[in-house]
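All remarks here apply to the structure that follows.
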Amino acid sequence: MIARFEELDWQETRMGELNLRRRTDSQSGELIYEVKLGDEYLMSSLFTVAEEELARLGLAATDGGSLAVLVGGLGLGYTAVTALEDNRVARLDVIDALPAVIGWHERHLLPVSTKLVDDPRTTLVHDDFFAVMRRAAAPDEAPYDVILLDVDHSPRHNLDPSHADLYTAAGLERLAAHLADRGTFALWSDDPPDADFMTVLASVFDEARAHEVAFENRLTGGSSSNTVYVARRRSL
Numbered sequence: 285m286i287a288r289f290e291e292l293d294w295q296e297t298r299m300g301e302l303n304l305r306r307r308t309d310s311q312s313g314e315l316i317y318e319v320k321l322g323d324e325y326l327m328s329s330l331f332t333v334a335e336e337e338l339a340r341l342g343l344a345a346t347d348g349g350s351l352a353v354l355v356g357g358l359g360l361g362y363t364a365v366t367a368l369e370d371n372r373v374a375r376l377d378v379i380d381a382l383p384a385v386i387g388w389h390e391r392h393l394l395p396v397s398t399k400l401v402d403d404p405r406t407t408l409v410h411d412d413f414f415a416v417m418r419r420a421a422a423p424d425e426a427p428y429d430v431i432l433l434d435v436d437h438s439p440r441h442n443l444d445p446s447h448a449d450l451y452t453a454a455g456l457e458r459l460a461a462h463l464a465d466r467g468t469f470a471l472w473s474d475d476p477p478d479a480d481f482m483t484v485l486a487s488v489f490d491e492a493r494a495h496e497v498a499f500e501n502r503l504t505g506g507s508s509s510n511t512v513y514v515a516r517r518r519s520l
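For any residue, its number in my numbering is found by taking its place in the sequence shown, counting from 1, and adding 284.
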């Protein structure tokens with residue numbers, strides 16, 4: 285059987301042509317959702333294990349209750365909706381630079397959209413996560429207990445050159461300033477653990493770890509892995 289593709293949305297963005305499409309898997313009959321930016325595949329609902337583990341690992345490293353969580357990168361929504369499964373999460377803000385992506389969820393186009401946007405803890409924000417992290421927090425701005433980031437392919441492979449400064453010591457220091465005392469920063473990466481980035485991360489945060497997350501790759505018939513970095517802000 286030939287896979288059937290259905291274009292759910294197409295928009296021109298500052299980063300190129302953004303396309304959301306749905307196809308029927310030729311073997312299982314499962315509906316698969318995919319996002320392309322130009323000629324590049326950004327994400328697929330076939331592979332969500334590591335995105336979900338980003339939320340679980342970040343929250344598992346965090347103490348306390350009534351947690352305020354910030355997600356950088358909405359995408360298909362799996363990181364954000366997994367964070368909501370933790371009953372300690374009292375507030376979930378999700379930032380995405382592309383209003384089209386927010387619109388997909390507001391229009392309930394994706395499998396987790398309804399669960400995500402109908403939860404009163406959720407706020408979807410159109411903004412540039414990297415610009416937000418560069419800005420000093422306002423005096424009356426409550427810090428986040430957890431920041432989860434899944435935008436770039438990896439610290440070395442960025443979707444936009446303007447993102448690169450976040451992965452330096454100075455950039456991570458600015459990000460840490462948005463975290464509460466002993467708050468957690470967790471980052472998804474498509475690359476294997478990067479020793480150089482770990483050195484930078486450990487220079488700013490405590491308890492820096494790189495978790496390799498393995499998952500079944502149904503396209504190749506084998507397994508693949510992503511990396512989730514987790515670190516905690518030093519005591520104030």
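Using N, Cα and C, we set each Cβ at its ideal position, and we do this for glycine too.
Only a predicted model underlies this, so the values are computations on that prediction, with no experimental measurement involved.
1) Using the rule of at least 16 other Cβ atoms within 10 Å of the residue's Cβ for burial, across every protein chain shown, is S473 buried or exposed?
2) Is L358 closer than 9 Å to H389 when the C-beta atoms are compared?
3) Compute the Euclidean distance between the alpha carbons of G361 and L520, then round it to the nearest angstrom.
4) For H410, collect the residues of the same chain with a Cβ closer than 7 Å to its Cβ; drop the 5 residues on either side in sequence, then sort them by chain order.
5) Where R288 and A415 are concerned, what is the direct C-alpha to C-alpha distance, given to the nearest angstrom?
6) Determine which residues share a DSSP beta bridge with H410 and list them.
7) Taking the CB atoms as reference points, tell me whether V435 and E457 lie closer together than 9 Å.
8) Who are M327's beta bridge partners in DSSP?
9) Between P395 and chain C, is there a C-beta pair that is closer than 9 Å?
10) Grab the span of the beta strand (DSSP E) containing R306 for me, first residue to last.
11) Closer than 7 Å by C-beta to L341: which residues in its own chain qualify, once you throw out the five before and the five after it? Chain order, please.
12) Quick one: give me the first and last residue of the beta strand (DSSP E) that S509 is part of.
13) Could you give the residue range of the beta strand (DSSP E) that holds T297?
14) Return the first residue and the last residue of the beta strand (DSSP E) that G356 is part of.
15) Would the segment 444-464 count as touching the segment 479-486 if we require 3 or more Cβ pairs under 8 Å?
16) Leaving out five residues on either side along the sequence, give the residues of the same chain with a beta carbon under 8 Å from the beta carbon of D347.
17) Report the three-state DSSP secondary structure of E532 (helix, strand or coil).
18) Below 8 Å on the Cβ atoms is my guess for H462 versus M417; work out the distance and round it to an integer in Å.
19) Quick one: what does DSSP say R466 is sitting in, helix, strand or coil?
20) Within 10 angstroms of its Cβ, does L351 collect 16 or more other Cβ (buried), or is it exposed?
Judging by the given coordinates:
1) buried
2) Taking 9 Å as the Cβ cut-off, H389 and L358 qualify as a contacting pair.
3) 32 Å
4) Non-local beta-carbon contacts of H410 in its own chain, meaning distances under 7 Å to residues more than five positions away in sequence, involve D380, P383 and I386 in chain order.
5) 39 Å
6) DSSP lists D380 as the beta-bridge partner residues of H410.
7) Contact: no.
8) V319
9) This model lacks chain C altogether, as it is built from one protein chain only.
10) It spans G300 to T308 - the beta strand (DSSP E) in which R306 sits, taken as one unbroken run.
11) A470, H495, V512 and V514
12) G506 to R516
13) F289 to T297
14) L351 to G356
15) yes
16) R466
17) With the chain covering only 285 through 520, there is no way to say anything about residue 532.
18) 6 Å
19) strand
20) Looking at its Cβ environment, which holds 16 or more other Cβ atoms inside 10 Å, L351 is buried.
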